[in-house]
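A.B. asks: Quick note, the sequence shown lines up with residues 72 to 438 if you use my numbering. C-beta: ideal position from N, C-alpha, C; glycine also.
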Amino acid sequence: MAGKRLAHSTPRGAALMAHPVRIGIIGCGSVMQDGYLPIARDLQARGLAVLRVVCDSDPGRAALLQLPGQPAFTTDYRAVLADDAVELVLVLTPPASHASIAADALRHGKHVLLEKPMALSLGEAADLVTLAARSPGFLIVAPHIVLSPTYQQIGRFLRQGMIGTVVAARGLCGHSGPDWSGWYYQAGGGGPLFDLAVYNVTSLTGWLGPVRRVGAVTGITAPERRVGDRRVQVSAEDNAMLLLDFGDATFASVTSSFAIQQYRDATIELYGTHGTIRLQGDDWAPRGIDRWLTATGTWEHLDEPAPEWSYLDGLRHAVSCIRSGSPPMNAPEHAYHVLEVLLKAREAGRTGQMQPIESTVPRLTFE
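1) If distances are taken between C-alpha atoms only, which option among VAL237, THR422, PRO403 and VAL412 comes closest to LEU202?
2) Pair every Cβ in the stretch 96 to 106 with every Cβ in the stretch 356 to 373, then say whether three or more of these pairs are closer than 8 angstroms.
3) So with Cβ pairs under 8 angstroms, would you call ARG358 a contact of chain C?
4) So what's TRP363 in DSSP terms, helix, strand or just coil?
5) What span of residues does the alpha helix (DSSP H) with ARG178 cover, start to end?
6) Which residues mark the beginning and the end of the alpha helix (DSSP H) in which TRP370 is found?
7) Are the stretch 170 to 188 and the stretch 262 to 281 touching, with three or more C-beta to C-beta distances below 8 angstroms?
8) Threshold first: 3 residues or longer. Then list the beta strand (DSSP E) segments lying entirely within the stretch 89 to 154, N to C.
9) Classify HIS345 as buried or exposed, calling it buried when 16 or more other Cβ atoms lie within 10 Å of its own Cβ.
10) Secondary structure at ARG421, three-state DSSP: helix, strand or coil?
11) Nearest to PRO166 by CA position, among ALA196, ARG112, ASP155 and TYR107, is which residue?
12) Following the continuous alpha helix (DSSP H) through TYR222, name the residue where it begins and the one where it ends.
13) Would the stretch 239 to 254 count as touching the stretch 332 to 342 if we require 3 or more Cβ pairs under 8 angstroms?
14) Quick one: what does DSSP say ALA356 is sitting in, helix, strand or coil?
15) With DSSP run on the structure shown, which of helix, strand or coil describes GLY261?
Here is the structure:
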């Protein structure tokens, strides 16, 4: 497909690494405390990595680091980047500072794992892709769902033509809204588009290829939210439905919301000319696959192949890539395409007009 092409982030190989990968973390919010920190502890216990330095603007968060040989703590992220021993930097701050800190880390030659969204504008995102192509370090951007064994299995089924040509799909990702930080409800990087829809859009574009046009209806269901013991005014849309046009009469819908109390249906369905595939659970927490084939005329359930898999597995993957010298599986060009879809979905929701998508998606390998 013709479309805007960015400077490609060519992987750099390296000799096999004997020593543990030295990690620096910038940002100690919930995703660090509840997700990446336990993984870092496990990697350290297994001798694969060592957490060398941690940064947060709140000095009180130094108390979170209950590790043997506790890492250094700083409130200045530049101290992490200035440490020549640090090889991998995790950028886990609120979205407004994602692009600037990640760019600085790449300029320092670090490998970078960046939380979603990669940036708040396409200009910033394009700069990151270009920097990653020139830096000795690589850039991995969350979400990491393309690493999931279940995601890979569905990709193989589609490449094999198991359900024929996919002509339609639907996605759903929602909950009642975060109650631990107010920025989730603020214009810019807040709202379910950038926190939740990013999962389904990443999944669908990885399987089906690039989106050509996007439409959306969006709105604010609750002008005020409670976060902890305070109330915050909501300025980011908290309810959205997206329409994705992949071309050749192939469409998908994605529901993304901070106004859904609960759901129990399959979160992604793919409808082909010879069958249907349903992802049980969420794409970030899969629980197996259901498939219906025209040839058999019956539903079949396939158990989850990797129930221990974590949606933050990008950290393990990054450490493995650094140690082996292998290129990461998830490319920043994919994250750029997803960001363009989300930004233009927000625009479509505000204008009522379908928006064209100019970028494309690197073809994924399903192992």
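C.D. replies: On the basis of the coordinates in this document:
1) PRO403
2) no
3) Among the chains of the structure shown, chain C does not appear; only one protein chain is present.
4) strand
5) 169 to 178
6) Premise fails: TRP370 lies in the beta strand (DSSP E), 369 to 373, not in any alpha helix (DSSP H).
7) yes
8) 92 to 97, 120 to 126 and 143 to 145
9) exposed
10) helix
11) ALA196
12) 220 to 230
13) yes
14) strand
15) coil
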